Structure formats: structure tokens, C-alpha cells
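From first to last, the protein sequence lines are chains A and B. Following the UniProt record's numbering, the numbering of the first sequence begins with 1 at its first residue and continues without gaps. Following the UniProt record's numbering, the numbering of the second sequence begins with 1 at its first residue and continues without gaps. Yeah, the Cβ is synthetic: ideal placement off N, Cα and C, and Gly gets one too. Bear in mind the structure is a predicted one, so any value in this text is a computation, not a measurement. One structure is given here, and the rest of the page talks about it.
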Amino acid sequence: MKVSFPYMGSAIVYKKLFEFLEHEVIMPPKPTQRTMDLGVKYSPEFACIPLKMVMGTYLEAIEKGAKVLVTSGGHGPCRAGFYGDTHRNILKSLGYDDVELIIFDAPQDNWKAFFRNVQKIRNGVPWHKVINRMYTLYRFVQKLDELEKMVQKIRPYEVNKGQTTQVWNQIQEKFDKIKTRKELYRVYEECKQMLLSIPTRKVEEKDIIRVGIVGEIYVVMESSINFGIEEILGNLGVEVERSLYLFEWINDNLVPWILRPKRFKEIIKKGQRYIKILIGGHAVETVGHIIDFKERGFDGIVHLMPFACLPELVTQSLIPKISKEVDIPILSLPIDEQTGKANMLTRIEAFVDLLKNRKKGETKEVFIDNIQEHVQEERVVMV
Amino acid sequence: MKIAIPHSLLYYYYFPLWDTFFKELGFEVVDTGPTTKDILDKGSKAAVSDICAPIKIFTGHVIEGLNMADYVFVPRFARIKKPEYFCPKFMGLPDIIEGTVEESKGRVISPIINEKNNENISSPKIYEMLAEMFGFSHREIRLAMRKAEEVFKRFKNLMHKGLSCDKALDSYRGGRWEEDLKKVKKDGDITIAVLGYVYDVYDSFISMDVIKKLEALGVNIKTFEMIPQEVAYDNLKHYRKRLFWTFSNRVLGAGLHYLKDPEVDGIIHVTAFGCGPDAIVGRFLQYESDVAGKPFTTLRVDEHTGEGHMVTRIEAFVDMLRRKKWARVSEVL
Chain A
1 MKVSFPYMGS
11 AIVYKKLFEF
21 LEHEVIMPPK
31 PTQRTMDLGV
41 KYSPEFACIP
51 LKMVMGTYLE
61 AIEKGAKVLV
71 TSGGHGPCRA
81 GFYGDTHRNI
91 LKSLGYDDVE
101 LIIFDAPQDN
111 WKAFFRNVQK
121 IRNGVPWHKV
131 INRMYTLYRF
141 VQKLDELEKM
151 VQKIRPYEVN
161 KGQTTQVWNQ
171 IQEKFDKIKT
181 RKELYRVYEE
191 CKQMLLSIPT
201 RKVEEKDIIR
211 VGIVGEIYVV
221 MESSINFGIE
231 EILGNLGVEV
241 ERSLYLFEWI
251 NDNLVPWILR
261 PKRFKEIIKK
271 GQRYIKILIG
281 GHAVETVGHI
291 IDFKERGFDG
301 IVHLMPFACL
311 PELVTQSLIP
321 KISKEVDIPI
331 LSLPIDEQTG
341 KANMLTRIEA
351 FVDLLKNRKK
361 GETKEVFIDN
371 IQEHVQEERV
381 VMV
Chain B
1 MKIAIPHSLL
11 YYYYFPLWDT
21 FFKELGFEVV
31 DTGPTTKDIL
41 DKGSKAAVSD
51 ICAPIKIFTG
61 HVIEGLNMAD
71 YVFVPRFARI
81 KKPEYFCPKF
91 MGLPDIIEGT
101 VEESKGRVIS
111 PIINEKNNEN
121 ISSPKIYEML
131 AEMFGFSHRE
141 IRLAMRKAEE
151 VFKRFKNLMH
161 KGLSCDKALD
171 SYRGGRWEED
181 LKKVKKDGDI
191 TIAVLGYVYD
201 VYDSFISMDV
211 IKKLEALGVN
221 IKTFEMIPQE
231 VAYDNLKHYR
241 KRLFWTFSNR
251 VLGAGLHYLK
261 DPEVDGIIHV
271 TAFGCGPDAI
281 VGRFLQYESD
291 VAGKPFTTLR
301 VDEHTGEGHM
311 VTRIEAFVDM
321 LRRKKWARVS
331 EVL
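Below is the structure:
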């Protein structure tokens with residue numbers, strides 16, 4: 001089967017999944033302006049941006065020859081649960097009758113449908129091989145996420161601008177070629193060394209700025225839609241950590257309940273201080289992570305949400321209150337197809353300035369410092 | 001003790017139940033009244049800018065209610081039917097209010113409505129928190145609820161017989177009940193199904209009284225409350241899965257029902273700007289109307305108050321339906 005899938009975050013992971021199941025994989029292109037335009041053109045106007053982006057991705061994947069699209073459903077009152085049906089509906093009205101859309105809903109909602117889908121996807125690969133390869137994939141995700149976290153810690157302090165991103169791209173290429181678990185561990189060590197050999201400047205603990213990124217999963221994970229916010233922040237000298245990594249998401253959602261890490265339950269508990277019940281999407285987790293980041297000593301939070309996202313609007317309503325009570329600056333950025341990069345950049349830069357000044361404690365002095373720096377710079381230019 | 005029930009959101013559907021219940025318990029019930037420009041402004045100012053108009057208006061009603069009474073009733077709607085839910089904003093409603101209206105602290109009564117299968121939300125269990133807050137006995141709550149349940153059943157019955165939600169509410173307030181059924185207007189030459197949530201369609205500030213405007217143009221109206229829910233759900237059987245949202249399912253189910261109804265000439269979907277569930281429901285309705293070959297239009301409304309566009313669009317739609325119908329009639333003749 002010529003299989004494709006939505007692009008989100010480290011898409012090589014999904015590619016690996018279907019390779020392990022011996023499918024012919026059509027790699028969806030990384031979302032671009034064209035993807036967005038295509039998606040916006042054919043999606044309902046008031047659908048959220050993830051639905052539109054995924055729509056565009058599907059159309060591009062179909063152009064490349066995909067015949068089967070695999071996606072997740074979801075359960076609970078967020079709209080994501082109907083992306084699949086809406087997409088199917090749109091594809092049908094565009095005349096793509098030969099494209100099959102396989103939607104994985106939460107198994108507990110409908111076990112039969114779930115196993116029918118699994119059988120389709122399994123592609124006749126014997127079960128023992130499936131289990132073995134899925135375990136490899138599990139570790140694959142874990143190692144890749146570990147490296148990404150390192151990237152986020154190294155980027156702010158790199159001496160040669162852009163080097164970390166370059167290395168990160170190389171790492172992804174290397175991971176793309178991995179076939180076995182043994183190879184995985186070897187490549188992992190190699191990549192780790194590559195990252196550690198990036199020259200960095202030393203920064204004292206008091207000058208480190210840490211920002212946590214929280215919000216809806218798609219806009220948090222997919223850099224092409226959030227303007228590469230991690231890179232922007234990294235380049236401004238800020239350490240970044242996301243609330244969501246694929247490995248943790250798998251642990252929280254796909255691993256059986258008993259084996260789940262305690263951390264997830266703790267985050268939910270923290271979130272329920274402000275949102276009493278689970279309301280779908282990632283709203284409670286978002287609040288939980290804001291509090292968790294604060295407790296771990298972070299300096300600020302960037303909250304990303306698709307415009308008119310149902311659950312995140314509840315979070316957004318609470319943000320002024322949380323920010324005040326927990327005492328942490330929060331920048332809430334709704335994202336839709338109209339957001340301009342310059343506007344976003346300005347806001348992020350202003351936010352980082354605020355965090356830096358706050359860290360130094362005395363705003364007035366910093367202000368004077370900056371002026372002196374400016375004056376000196378101007379003199380240099382004049383000479 | 002005075003309790004204010006905000007005249008917004010599911011007020012239009014559940015007011016008789018809550019009104020009777022609180023009165024039986026000895027509360028003085030204050031209705032915050034129809035939305036006014038002032039309420040709208042207050043709400044828009046307090047709420048997050050991207051949130052939908054109904055929630056902004058609700059926020060305004062809560063602020064108004066806090067001025068008028070000791071407590072405000074802000075129920076947390078989770079679900080009334082398994083496996084469906086309400087829109088996430090309804091599920092987080094008291095949290096939103098707490099976050100945006102500072103003076104609401106400690107003055108909000110918010111029972112959690114989380115029932116697996118009790119459509120008229122009359123389970124006394126939901127309201128047991130009142131026992132702790134005000135010292136009622138469980139028996140008192142149960143008895144009050146039993147009374148309220150009866151009233152609500154009669155109210156729903158009126159709607160199924162063809163009264164729209166707001167007219168049935170008038171009947172309830174006037175204590176007239178069945179006599180009003182005679183007022184059901186059936187002499188228009190075309191019939192339009194107006195689909196949308198009660199808080200969009202009947203809030204005169206949001207929908208600008210679309211129903212009255214249509215009736216003035218000589219149109220018969222059908223709405224989703226006029227169909228028993230079993231019928232609405234029957235129409236959804238061919239879907240892979242139901243929508244998550246209870247009222248969206250009913251709107252969609254009613255839409256499918258009216259598409260098959262030969263009396264209905266066209267469908268108007270009333271929806272609020274940025275309404276999440278409606279982005280999906282609207283798309284489905286549009287698709288199904290295309291398949292069924294019935295005219296369909298969307299009226300999107302927000303907190304702005306210009307009426308011109310609305311009138312133009314309604315008139316154009318009605319004209320189109322009339323022309324279509326007469327063309328067909330003259331063909332037959």
C-alpha cells in the first residue's frame with residue numbers, strides 16, 4: 001500500500017512505523033505556504049488551523065501518489081476527533097474516491113473497529129516481528145526526543161550561529177536510515193557526540209533564561225506552523241522546553257494505564273487546580289504544565305493555540321489569573337492562517353526582553369545599561 | 001436568598017426546570033432579562049477576545065446577575081448523554097467565569113451536570129452541593145426536583161407540538177401552557193428550517209430575531225426543538241460515529257430530518273463566529289444539503305450589531321426559495 005500520514009513534529013518517526021510494517025511510504029512534504037493555501041481553500045472556514053494544515057498535507061501527499069492515509073481520531077469533546085471524517089468528506093467531494101482514509105480512534109471507544117484497522121495496517125507482518133519492531137520504534141522515539149532536548153539546551157549558547165540547527169538536521173537524516181535496534185544505539189551515541197562537540201559559550205546560572213512552551217499538540221509540535229518558535233527563542237539565547245514530546249505522548253496515551261508514568265497524573269492534578277474536570281484537548285495539561293514549569297524554576301511560558309481552539313480558549317480565559325497567582329509571565333499566541341511572522345517575532349522579542357529584565361530584577365538599571373550599549377554601538381558605527 | 005439565572009446559553013432550554021426547582025427550595029429567582037447592549041459590552045470587555053459571542057454574552061449576564069442577586073447560577077455542563085459531551089467551553093464555564101469576572105468569587109453556584117443518560121438533568125444528585133452550601137436536606141432537594149421535572153416535561157411537550165423555544169418559554173412564564181398552541185403559524189407559502197443552538201437563535205442580540213424577521217416575510221418556521229430527540233438521532237445512524245456534542249448532534253439530526261421533509265423548502269444554519277462544533281456541523285449539513293438538493297445557507301453572527309447584512313441575506317434567500325417553488329408549481333400546472 002502507498003501509505004502517507006499527517007506531518008507533525010519529527011515525521012521520520014511515522015515514516016519508520018510504516019517502513020517497519022513493510023509498506024511503501026509516501027513521505028508527506030514538510031508543510032509550506034502552499035500546503036496552508038491548499039488546506040485553507042478546501043476546509044471549513046472556522047475549522048482550526050491543524051485541520052486545515054493536515055488537509056493541505058493530504059492533498060500534497062495524494063499528488064505524490066499516496067493511496068492510503070493513516071491518522072488518529074481522538075476522543076473527548078475536542079474537534080480533532082472529527083478531523084478524519086471531515087477530511088474524508090472533503091476528499092470525496094473533490095473526487096478522490098480511490099483514496100482510503102484509515103482513522104484510529106481510542107481503542108476503548110470501539111474495540112472492533114480498532115482491531116480491524118490494526119489488521120489493515122499490519123500488512124501481514126507476523127505478530128512477533130510487529131512487536132519486536134514496535135519496541136525498536138518506541139526506543140527510537142525516546143532517543144530522538146532526548147537528542148532534541150539536548151539541542152534546545154545547546155542552541156542558545158552556540159558560538160557559531162545556526163550550527164546546532166544544522167547538526168540537528170544531520171541527526172534526523174542519520175536516524176532516517178536506521179534499521180535495527182543495535183544500529184539505533186550506535187547512531188544515538190554518535191549523534192550525542194556531535195552535539196557535545198558544538199562550541200558553546202559558558203553562561204552562569206543567574207543569566208540563564210528558561211521558557212516552557214505549552215498548548216495544543218499540533219501547533220506546539222509542528223515547527224512549520226509555529227514559525228519555528230523554538231529556534232527563534234533559542235537564537236535569542238533562551239533555553240526551551242516543550243510540554244509535549246512524542247515519547248511522552250506515547251507513554252501518556254498509548255501505553256496501558258498501569259505502566260504509565262506518574263508524572264502525567266501529577267500534571268493533570270496540578271491542572272485541576274484551575275480547570276476542575278477534563279474538558280478535552282490539552283487544556284488541563286496546559287494549565288498543569290504551566291504550574292509545573294514554574295515549580296521547576298522556569299522564567300516564562302509561551303502558550304500556543306490554534307485560533308478558536310475550543311479547549312484552549314478556556315485556558316486562555318484563565319491565563320491572566322494563573323499568571324498573577326503563580327507569578328510567571330505568560331505569552332499567549334493564537335495561530336491561524338493569517339498570522340504574520342514579523343508581528344510574532346516582535347512579540348516574542350519583547351517577551352524575552354521582559355523576562356531578561358525581570359531576571360535582573362531592577363528594570364531601571366537595565367534600561368540605562370541598554371542605552372549605554374546603544375550609545376557605544378553608535379560610536380563604533382560613526383568611527 | 002436571591003439567585004440570578006443568566007438569561008443566556010442553555011437558559012432557553014432549561015429555565016422552567018431551574019426556575020421551578022429554586023423557587024420550590026425557597027429562593028427568590030431573578031432572571032437577568034434579555035440581552036441588552038450594556039450586557040453585551042460588559043461581557044465583551046471581560047471575556048477573552050477570541051471566544052465566541054454566546055460566551056461573551058453569558059459573561060455579561062453573570063456580571064449583571066452579580067449586581068442583582070446574592071448568587072449566580074453557572075452550571076458546569078459536562079454531559080447529559082453517554083458518550084456525548086458539551087462543548088469544552090461549557091465544560092469549563094465556571095472556570096472561565098472565575099478567570100474573567102473577579103467579583104464572582106464565592107458567589108457562583110455551579111453544580112456539575114455529568115449524567116450518563118438523563119436528558120432533562122433532573123437527577124437530584126447533581127444539586128446535592130446545595131445541601132452543603134445552604135443546609136437543605138436531601139429530601140427537600142429531591143421533592144423540589146420532582147416538581148421541576150414535571151414542569152419541564154410539559155414544557156418540552158409544547159415544543160414537540162410545534163412551539164419554538166421562546167414561545168414555549170412565554171407560555172411557561174404566563175402559565176398558559178396549551179392555549180398558546182393555537183398561535184402556531186402555518187399559513188406561510190414556504191417553510192424554512194432554522195437550525196442552530198437555542199442561545200444563538202433566540203438571543204435577540206445574537207440572531208437579531210431572525211425567526212421574527214422570517215415570520216414577518218410570511219415564512220413558516222421549523223426548528224430543532226420541535227423534533228423529539230429519538231427522531232433526530234435516528235437520522236444519524238449512517239454516520240461512522242456520533243459527534244461529541246449533544247446539541248450539535250440534535251441540530252445535525254434535525255437537519256437531516258428536515259432535508260427529507262417535503263414541506264421544508266430550505267435550511268438556514270445560524271451559527272456564532274468562531275463556534276467550534278459548528279465548523280464541523282456546518283460542513284456536514286452543507287454536504288448533505290448538496291446531496292439532497294435543498295438550498296442551504298449559513299448566517300454567521302457575532303457581537304457586532306449591524307442588522308443590514310442579516311436582512312439582505314434573509315430576504316435574498318427567501319426570494320430565491322419562492323422563485324424556485326413557483327417555477328416548480330407553474331411547471332406542474
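Span separating the alpha-carbon of residue i from that of residue j
| i | j | result |
| --- | --- | --- |
| B:Trp245 | B:Tyr11 | 18 angstroms |
| B:Phe21 | B:Thr298 | 37 angstroms |
| A:Val214 | A:Lys2 | 34 angstroms |
| A:Val287 | A:Thr315 | 7 angstroms |
| B:Glu315 | B:Leu217 | 8 angstroms |
| B:Ile221 | B:Glu215 | 7 angstroms |
| A:Pro306 | A:Ile322 | 20 angstroms |
| A:Cys191 | A:Leu147 | 8 angstroms |
| A:Trp142 | A:Ala106 | In the sequence on display, residue 142 of chain A carries Gln and not Trp. Roughly 22 angstroms between the two C-alpha positions. |
| B:Ile57 | B:Ile63 | 10 angstroms |
| B:His7 | B:Val231 | 28 angstroms |
| B:Phe134 | B:Lys81 | 29 angstroms |
| B:Asp19 | B:Thr100 | 26 angstroms |
| B:Lys161 | B:Tyr258 | 16 angstroms |
| A:Gln338 | A:Met344 | 11 angstroms |
| A:Gly9 | B:Gly188 | 56 angstroms |
Where the beta strand (DSSP E) through residue i begins and ends
| i | result |
| --- | --- |
| B:Asn114 | Ile112 to Asn114 |
| B:Val30 | Glu28 to Asp31 |
| B:Gly266 | Gly266 to Ala272 |
| B:Phe77 | Arg76 to Arg79 |
| B:Ser289 | Taken as a continuous stretch (DSSP letters only), B:Ser289 belongs to no beta strand (DSSP E), being part of the alpha helix (DSSP H) at Gly276 to Ala292. |
| B:Ile5 | Lys2 to Ile5 |
| A:Phe264 | It is not in any beta strand (DSSP E) - A:Phe264 instead sits in the alpha helix (DSSP H) that spans Lys262 to Gly271. |
| B:Ala47 | Here B:Ala47 belongs to no beta strand (DSSP E), and DSSP marks it neither H nor E. |
| B:Glu219 | Residue identity check: residue 219 of chain B is Val in the sequence provided, not Glu. Run containing B:Val219: Val219 to Thr223, per the beta strand (DSSP E) assignment. |
| B:Leu195 | Ile190 to Leu195 |
| residue 337 of chain B | In the structure displayed, chain B extends from 1 to 333; residue 337 of chain B sits before or after that span and is not available. |
| A:Ser4 | Lys2 to Ser4 |
Proximal chain A residues relative to residue i, where beta-carbon distance stays under 7 angstroms
| i | result |
| --- | --- |
| B:Gly276 | Arg79, Ala308 and Leu310 |
| residue 390 of chain B | Not covered by the structure: residue 390 of chain B. The range shown for chain B is 1 to 333. |
Boundaries of the alpha helix (DSSP H) in which residue i is found, first to last residue
| i | result |
| --- | --- |
| A:His303 | Note, A:His303: premise wrong, no alpha helix (DSSP H); beta strand (DSSP E) at Gly300 to Pro306. |
| A:Leu318 | Leu310 to Ile322 |
| A:Arg88 | Tyr83 to Ser93 |
| A:Asn117 | Trp111 to Arg122 |
| B:Ala144 | His138 to His160 |
Amino acids of chain A, ordered along the chain, whose beta-carbon sits closer than 8 angstroms to that of residue i
| i | result |
| --- | --- |
| B:Asp50 | Phe307, Ala308, Leu313, Gln316 and Pro334 |
| B:Gly282 | Pro44 and Phe46 |
Residues that DSSP places opposite residue i in a beta bridge
| i | result |
| --- | --- |
| A:Phe104 | A:Ser72 |
| A:Pro334 | A:Met305 |
| A:Arg210 | A:Glu239 |
| B:Arg300 | B:Thr271 |
| A:Thr200 | A:Glu158 |
| B:Asn117 | B:Lys81 |
| A:Gly215 | A:Leu304 |
Proximal residues of chain B, C-beta to C-beta of residue i below 9 angstroms
| i | result |
| --- | --- |
| A:Ser93 | Tyr287 and Asp290 |
| A:Gly162 | Simply none; closest approach about 35 angstroms. |
| A:Lys67 | Correct list: empty, because the minimum Cβ distance to chain B is about 20 angstroms. |
Contacts of residue i in chain B (Cβ-Cβ under 8 angstroms)
| i | result |
| --- | --- |
| A:Asn89 | Arg283, Phe284 and Tyr287 |
| A:Phe82 | Leu243, Phe244 and Ile280 |
| A:Thr200 | Result: empty, since nearest Cβ-Cβ is about 39 angstroms, beyond 8 angstroms. |
| A:Ala283 | Pro88 and Gly92 |
Residues that residue i contacts on chain B, provided the C-beta gap is smaller than 7 angstroms
| i | result |
| --- | --- |
| A:Thr71 | Here the premise fails: no neighbours, minimum Cβ distance about 13 angstroms. |
| A:Tyr14 | Result: empty, since nearest Cβ-Cβ is about 23 angstroms, beyond 7 angstroms. |
| A:Asp85 | Arg240 |
Next item on the list: Could you name the residues of the segment 84-105 of chain B whose beta carbon sits closer than 8 angstroms to any beta carbon of chain A, in the order they occur along the chain?
Entry: Tyr85, Phe86, Cys87, Pro88, Lys89, Met91, Gly92, Pro94, Asp95, Ile96, Glu98, Gly99 and Thr100
Next item on the list: Name, going along the chain, the residues of the segment 209-240 of chain B whose beta-carbon falls closer than 8 angstroms to a beta-carbon of chain A.
Entry: Tyr239 and Arg240
Notebook entry, point to check: According to a CB-to-CB cut-off of less than 9 angstroms, which residues of the segment 106-134 of chain A neighbour chain B?
Noted result: Asp109, Asn110 and Ala113
Next item on the list: Give the residues from the segment 38-49 of chain B that approach chain A closer than 8 angstroms (Cβ to any Cβ), ordered along the chain.
Entry: Ala47 and Val48
Notebook entry, point to check: What are the residues of the segment 108-136 of chain B that lie near chain A, defined by any Cβ-Cβ distance shorter than 8 angstroms?
Noted result: Ile112 and Asn114
Item checked: Proximal residues, the segment 263-275 of chain A versus chain B, C-beta separation under 8 angstroms -> Tyr274 and Ile275
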